[in-house]
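Structure, as structure tokens:
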Amino acid sequence: MEKGKFLSPAPFIILGALPRIWPDLIQKSKDGGLNTIETYVFWDLHEPKRRQYDITRNKDPVRFIKTIQAQGLYAVLRIGPYVCAEWTYGQNEMQTFTTFIVDMMKQENLFASQGGPIIISQIENEYGNVVEAYHEAGVQYMNWCANMAAALDTGVPWIMCQQDNAP
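Each residue of the sequence shown is one higher than the one before, starting from 1 at the first, in our numbering.
If you want it as structure tokens, here you go:
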């Protein structure tokens, strides 16, 4: 990414559109002045049963990121696992799922550190709204999430939405 360039992101949920119309929707975003597309990878949608992943059709995050790349835009990969509170699947398998998604992206050289369009990844979402309710356990969980994500070594920053004191 060019130094001094501002991000103009647009949220895009890939499961809401058929792959054949992704290029047109992304082009319209670009024509509207946006330079970044954010997308969620919904845990429960992509892993409907434990360790059985579905990354077909409109659930193919690699294809979607490559479509963004073909349009010359940046991407923000929001892996979750908890995104906007309406999608949950449990903490126990979080590291396995996150690693699965990151490894798919790495194999295709899709992180900016590899020449790809993904400039930021997100782990967890809006946890800052509830961390205090869990006291020390909430802080420990937040730290665990941050350390787990950083250990995946994507070469791009990881963020936590609404988490003002994330490590």
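Even for Gly, the Cβ is constructed at its ideal location relative to N, Cα and C.
For a test of the three-state rule: what should DSSP assign to residue i, helix, strand or coil?
i: F42; result: coil
i: I37; result: strand
i: I159; result: strand
i: Q27; result: helix
i: Q69; result: helix
Rounded to the nearest angstrom, what separates residue i and residue j at their Cα positions?
i: Q69; j: K49; result: 30 Å
i: H135; j: K106; result: 35 Å
i: T67; j: L110; result: 11 Å
i: L73; j: F64; result: 12 Å
i: V41; j: I55; result: 10 Å
i: A151; j: A17; result: 33 Å
i: Q95; j: P19; result: 28 Å
Less than 6 Å between C-beta atoms, sequence neighbours within five positions excluded: which residues of the same chain meet that for residue i?
i: A85; result: Bear in mind that the predicted position of A85 carries a pLDDT of just 46, short of 50, making it too unreliable to give a figure here.
i: E93; result: none
Can you find the residues in the same chain that come closer than 7 Å, C-beta to C-beta, to residue i, ignoring five residues on each side of it along the sequence?
i: I159; result: I120, Q122
Going along the chain, which residues of its own chain have a beta-carbon closer than 8 Å to the beta-carbon of residue i, five neighbours each way excluded?
i: Q114; result: K106, G155
i: Q71; result: P23, I26, Q27, K30
i: Y53; result: H46, E47, F100
Alpha helix (DSSP H) segments (min. 4 residues) lying fully within the region 73-147: 94-107
Sufficient close CB pairs (3 or more, under 8 Å) joining the region 19-28 to the region 97-113: no
contact_flag[the region 141-151, the region 118-125] where n(CB pairs < 8 Å) is 3 or more: yes
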